[in-house]
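J.: This structure is in structure tokens; I'll ask about it shortly.
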Amino acid sequence: MRRQQITKAVIPAAGLGTRFLPVTKASPKEMLPLVDKPLIQYVVEEAVAAGIRQIIIITGRGKRAIEDHFDISFELEEILKQTGKEHHIPGLRRISEMADFCYIRQSQPQGLGHALLCAKHLIGDEPFAVLLGDDIIDHSTPALKQMIDIYERTPAPIIGVQEVEDSEVHQYGIIDAAQTIDELHKINHLIEKPTKEDAPSNLAVIGRYLLIPEIFEMLEKTKPGKNNEIQLTDALNDLAAFRTMYGYQIKGNRYDAGDKLGFLQATVEMGLKNPSLGKAFKAYLKGLSL
Ligand code: G1P
205 MRRQQITKAV
215 IPAAGLGTRF
225 LPVTKASPKE
235 MLPLVDKPLI
245 QYVVEEAVAA
255 GIRQIIIITG
265 RGKRAIEDHF
275 DISFELEEIL
285 KQTGKEHHIP
295 GLRRISEMAD
305 FCYIRQSQPQ
315 GLGHALLCAK
325 HLIGDEPFAV
335 LLGDDIIDHS
345 TPALKQMIDI
355 YERTPAPIIG
365 VQEVEDSEVH
375 QYGIIDAAQT
385 IDELHKINHL
395 IEKPTKEDAP
405 SNLAVIGRYL
415 LIPEIFEMLE
425 KTKPGKNNEI
435 QLTDALNDLA
445 AFRTMYGYQI
455 KGNRYDAGDK
465 LGFLQATVEM
475 GLKNPSLGKA
485 FKAYLKGLSL
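Here the sequence shown is numbered in the numbering used here, starting from 205 and rising by one per residue.
See below:
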């Protein structure tokens with residue numbers, strides 16, 4: 205495979221967030237605040253830190269707040285100026301200037317694979333990244349950067365994985381690795397949310413992918429799978445049949461922020477790490493009689 209620089213990333217954000225009801229009834233899950241930033245901003249910042257310049261967000265009904273968040277807010281800036289709070293403006297501007305943002309609406313939620321297919325015309329003939337907003341990964345080298353560094357040496361589709369407990373395999377895409385060299389697992393096949401008995405390993409796909417445009421041909425042929433949705437994992441499995449594909453074991457603490465408990469864990473740990481809040485938050489937690 206010819207190595208091309210990866211500058212585009214797709215962030216699917218059209219999901220209904222049913223695991224987080226009722227808060228997601230009228231607000232996008234992607235806008236849930238993790239300490240002081242919405243979840244999706246962490247993912248965008250990770251992509252930008254890995255060299256991504258164009259962010260394509262797949263949205264749907266009720267997701268307007270995402271577009272407003274990454275846009276310039278002239279009215280807010282004006283009010284901040286009038287009220288002597290203009291020191292907030294550079295930080296707000298930085299959010300909209302991080303990358304070029306494009307939005308595509310997925311009219312019907314038909315699964316992750318279908319959401320990705322909506323971006324086909326904006327990707328063209330180049331490799332690209334996909335980041336899922338539920339997976340918040342904390343490491344000094346951003347997860348996507350770790351993967352792009354591998355891709356520079358090994359230009360092939362790369363799927364981010366981490367080990368999970370047997371009791372959790374049914375929540376993830378799971379890879380069957382043929383051969384492992386360092387942290388790279390050559391993928392034989394993938395299966396979406398298998399039972400414990402059917403899982404070929406404990407290596408779970410965690411929301412980071414480096415893909416090639418051929419995935420769209422596979423997605424166009426993919427029939428609805430698990431939960432009657434077009435599954436990206438099924439299309440990847442078809443691609444793995446004739447393309448070398450790797451699972452890369454991502455380094456870092458990963459939180460499933462689309463889940464209530466995972467979100468609380470992320471809030472506590474990121475809160476403790478926050479430069480301006482961490483000390484006071486730690487003192488507060490220590491004072492709790494648990
Ligand atoms: C999706 C993918 C699954 C992957 C998971 C990671 O599932 O379909 O393969 O393991 O994300 O978070 P979802 O969590 O959207 O059901």
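Even glycine gets a Cβ: it sits at the ideal position worked out from N, Cα and C.
(1) For E498, write down the residues that DSSP places opposite it in a beta bridge.
(2) Could you tell me the alpha carbon to alpha carbon distance between C306 and K285, rounded to whole angstroms?
(3) Answer with buried or exposed for N441, where buried requires no fewer than 16 other C-beta atoms within 10 angstroms of its C-beta.
(4) Does the beta carbon of A333 fall short of 8 Å from some heavy atom of ligand 1?
(5) For the alpha helix (DSSP H) that E330 lies in, which residues bound it at each end?
(6) What residue ranges within the stretch 330–407 form continuous alpha helix (DSSP H) runs of no fewer than 4 residues, ordered along the chain?
(7) Kindly confirm or deny that the stretch 214–226 and the stretch 290–303 touch, where touching means at least three C-beta pairs closer than 8 Å.
(8) How far does the alpha helix (DSSP H) with F420 in it extend, from its first residue to its last?
(9) Taking C-beta to C-beta, are K390 and T471 nearer than 9 Å?
(10) Taking DSSP as the reference, what is the three-state secondary structure of K289?
(11) Quick one: what's got a C-beta closer than 6 Å to H343's C-beta in the same chain, skipping five residues either side?
(12) Out of D380, S405, E473, state which residue places its alpha-carbon closest to the alpha-carbon of D460.
(13) Taking 8 Å as the cut-off, is the C-beta of V409 nearer than that to any heavy atom in ligand 1?
(14) Could you give the first and the last residue of the continuous beta strand (DSSP E) run that contains T228?
(15) Would you say the beta carbon of K397 comes nearer than 8 Å to a heavy atom of ligand 1?
(16) K212 lies in the beta strand (DSSP E); which residues open and close that run?
(17) Are there any heavy atoms of ligand 1 lying less than 8 Å away from the beta-carbon of Q435, as far as the coordinates show?
(18) Would you say the beta carbon of G295 comes nearer than 8 Å to a heavy atom of ligand 1?
(19) If we require 4 or more residues per run, which alpha helix (DSSP H) segments fall completely within the stretch 242–284?
(20) Consider the C-beta atom of L280 and the heavy atoms of ligand 1; say whether any pair is separated by less than 8 Å.
(21) Applying the criterion that 16 or more other CB atoms from any shown protein chain within 10 Å of the CB defines a buried residue, is I340 buried or exposed?
(22) Is it a yes or a no for the stretch 233–250 touching the stretch 266–285, going by three-plus beta-carbon pairs under 8 Å?
T.: Concretely, from the data shown:
(1) This structure cannot settle anything about residue 498, because the visible part of the chain is limited to 205 through 494.
(2) Rounded to the nearest angstrom, the gap between the Cα atoms of C306 and K285 is 29 Å.
(3) N441 should be labelled buried.
(4) No, the Cβ of A333 stays beyond 8 Å of every heavy atom of ligand 1.
(5) Counting along the chain, E330 falls outside any alpha helix (DSSP H), and DSSP gives it neither H nor E.
(6) Taking 4 residues as the minimum length, the alpha helix (DSSP H) runs contained wholly in the stretch 330–407 are 347–357, in order along the chain.
(7) Flag = no, the stretch 214–226 and the stretch 290–303 do not touch.
(8) Boundaries of the alpha helix (DSSP H) harbouring F420: 418–425, taken from the DSSP string.
(9) Contact: no.
(10) Three-state DSSP puts K289 in coil, outside helix and strand.
(11) Hits under 6 Å: K455, G456.
(12) Nearest of D380, S405, E473 to D460, Cα basis: E473.
(13) If you check the C-beta of V409 against ligand 1, you find a heavy atom less than 8 Å away.
(14) That residue, T228, is in no beta strand (DSSP E); it is neither H nor E in DSSP.
(15) K397: yes, Cβ under 8 Å from ligand 1.
(16) K212: member of the beta strand (DSSP E) spanning 212–216, first to last residue.
(17) For Q435, the Cβ falls inside the 8 Å cut-off from some heavy atom of ligand 1.
(18) No, since every heavy atom of ligand 1 falls outside the 8 Å radius drawn around the Cβ of G295.
(19) Counting only runs of 4 or more, we get 243–253, 268–273.
(20) Checking the Cβ of L280 against ligand 1 gives no.
(21) Its Cβ being crowded by 16 or more others within 10 Å, I340 is buried.
(22) In short, these stretches touch, since the Cβ pair count reaches three.
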